[in-house]
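Residue numbers for the sequence shown follow numbering that gives the first Met the number 0, so the first one is 0 and each next one is one higher.
The beta-carbon is built from N, C-alpha and C at its ideal position, and this holds for glycine as well.
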Amino acid sequence: MMKRTPDFSLFLAVVKAGTLSEASRVLGMSAAAISKYLTQLEQHMKLRLLARSARGFHLTEHGRELFESLDHMLPELTPILGEPMSRLDHPTGTLKVVSSIALGRHRVAPLLSEFSARYPEVSIQLQLGDAPEDLFRSGVDVVISPGEPIDQSLVARRLITHPCCLCAAPDYLARRPAPAHPRELHQHDCLILDCHGAFRDRWVLRDPRGGTHTIKVAPHKITDNSEQLKQWLLDGHGLALKSEWDIAEHLRRGELVKVLPDYEMPRLSFYVIYGGRQLIPAKTRAFVQFIENQLRPREDPERLRA
0 MMKRTPDFSL FLAVVKAGTL SEASRVLGMS AAAISKYLTQ LEQHMKLRLL ARSARGFHLT
60 EHGRELFESL DHMLPELTPI LGEPMSRLDH PTGTLKVVSS IALGRHRVAP LLSEFSARYP
120 EVSIQLQLGD APEDLFRSGV DVVISPGEPI DQSLVARRLI THPCCLCAAP DYLARRPAPA
180 HPRELHQHDC LILDCHGAFR DRWVLRDPRG GTHTIKVAPH KITDNSEQLK QWLLDGHGLA
240 LKSEWDIAEH LRRGELVKVL PDYEMPRLSF YVIYGGRQLI PAKTRAFVQF IENQLRPRED
300 PERLRA
């Protein structure tokens with residue numbers, strides 16, 4: 000993964016403030032966070048920009064050259080930078096969110112009106128779709144997706160965990176009697192969701208006595224779209240593992256029926272995912288906190304991973 004281009008506007012703001020304590024007051028950041036950022040900037044530039052002492056700091060020759068160059072270009076950069084440090088403290092701008100289809104449509108989208116009312120200076124772009132492997136290639140700020148990201152540089156917070164069930168349409172079960180044991184799944188048409196965080200063709204079931212059955216099913220149909228998988232189920236094309244909340248209405252109306260109901264099925268965890276822990280825009284911090292408060296059960300402990 001390429002290194003992120005440093006935010007030189009913070010460097011400018013610190014130098015103009017004159018001291019770390021004043022920069023801390025102006026920027027609304029701790030002196031420790033500012034100092035850490037400056038160290039990272041110097042490592043990125045491979046140059047010593049500031050000479051520190053107990054009394055404060057002063058610009059080195061390289062630091063002064065950088066400051067004067069940036070300060071000269073600041074009027075031209077202002078429309079692009081748009082006071083970026085204020086965006087670290089005050090939620091503004093456009094927030095691009097990608098959410099898995101079912102969760103996005105039924106749980107996330109209805110909450111966005113409330114979020115917009117709280118933060119009117121933030122505009123939302125909501126993209127519904129099963130998240131790609133490269134989550135942030137298109138400038139995405141936040142992803143809400145099943146499964147933790149592969150990229151270890153991203154932050155993933157678990158939001159909710161849903162029980163799943165094995166199900167099929169009554170029309171399918173009229174043609175192919177429901178299996179009585181997991182080993183009989185090999186005799187059925189199994190529908191597979193092939194995307195990040197999905198169970199794919201490896202289904203793990205636990206029987207009432209606590210025994211575990213790991214079944215590698217033979218796919219009859221495969222899709223990377225969770226809504227298409229549900230439609231195949233409703234159309235009677237076979238069996239599939241689905242999150243219970245996503246098909247609750249279909250189960251209630253009898254359009255889908257649970258299969259092997261005495262067995263415990265896998266559970267599906269959804270995460271809110273975003274990039275990095277330092278200098279996170281206020282719009283991203285605000286949305287992550289909001290969606291956690293709305294979706295995460297109170298008893299579910301916070302799980303963080305850098």
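Can you tell me where the alpha helix (DSSP H) holding residue i begins and where it ends?
{"i": "Gln-42", "result": "30-44"}
{"i": "Thr-283", "result": "281-294"}
{"i": "Leu-110", "result": "No alpha helix (DSSP H) contains Leu-110, which DSSP labels as neither H nor E."}
{"i": "Leu-11", "result": "7-16"}
{"i": "Ala-22", "result": "19-26"}
Between which two residues does the beta strand (DSSP E) carrying residue i extend?
{"i": "Ser-99", "result": "Premise fails: Ser-99 is in no beta strand (DSSP E) and is neither H nor E."}
{"i": "Ile-272", "result": "266-274"}
{"i": "Leu-204", "result": "201-205"}
{"i": "Leu-58", "result": "55-58"}
{"i": "Pro-218", "result": "218-222"}
On the criterion of 16 or more Cβ atoms from any shown chain inside 10 Å, does residue i qualify as buried, or is it exposed?
{"i": "Asp-188", "result": "buried"}
{"i": "Ala-247", "result": "exposed"}
{"i": "Arg-149", "result": "Note on residue identity: the sequence assigns Ile, not Arg, to residue 149. That one is exposed."}
{"i": "Phe-286", "result": "buried"}
{"i": "Asp-140", "result": "buried"}
{"i": "Arg-106", "result": "buried"}
{"i": "Ile-221", "result": "exposed"}
{"i": "Leu-9", "result": "buried"}
{"i": "Thr-283", "result": "buried"}
{"i": "Ser-68", "result": "exposed"}
{"i": "Pro-280", "result": "buried"}
{"i": "Pro-181", "result": "buried"}
Considering only DSSP beta bridges, list what residue i is partnered with.
{"i": "His-307", "result": "What is shown of the chain runs 0 to 305, which leaves residue 307 out entirely."}
{"i": "Lys-95", "result": "Gln-124"}
{"i": "Arg-51", "result": "Phe-56"}
Check the C-beta distance from residue i over to residue j and give it rounded, since I have them as a contact under 8 angstroms.
{"i": "Asp-245", "j": "Lys-229", "result": "7 angstroms"}
{"i": "Cys-166", "j": "Leu-267", "result": "Cys-166 to Leu-267, Cβ: 14 angstroms. No contact."}
{"i": "Pro-145", "j": "Phe-7", "result": "Contact flag wrong, Cβ pair sits at about 37 angstroms."}
{"i": "Tyr-171", "j": "Gly-128", "result": "Between Gly-128 and Tyr-171 the Cβ distance is about 27 angstroms, and since that is not below 8 angstroms, they are no contact."}
{"i": "Thr-93", "j": "Gln-124", "result": "6 angstroms"}
{"i": "Ala-168", "j": "Leu-233", "result": "6 angstroms"}
{"i": "Ala-30", "j": "Leu-19", "result": "4 angstroms"}
{"i": "Thr-211", "j": "Arg-201", "result": "With 8 angstroms as the limit, Thr-211 and Arg-201 do not qualify as a contact, their Cβ atoms being about 12 angstroms apart."}
task = Scan the region 127-197 and note each continuous beta strand (DSSP E) run of 3 residues or more that stays entirely inside, going in chain order.
result = 141-145, 153-167, 189-192
query = Could you give the uninterrupted runs of the alpha helix (DSSP H) lying entirely in the region 231-262, keeping only those of 4 residues or more?
reply = Counting only runs of 4 or more, we get 247-251.
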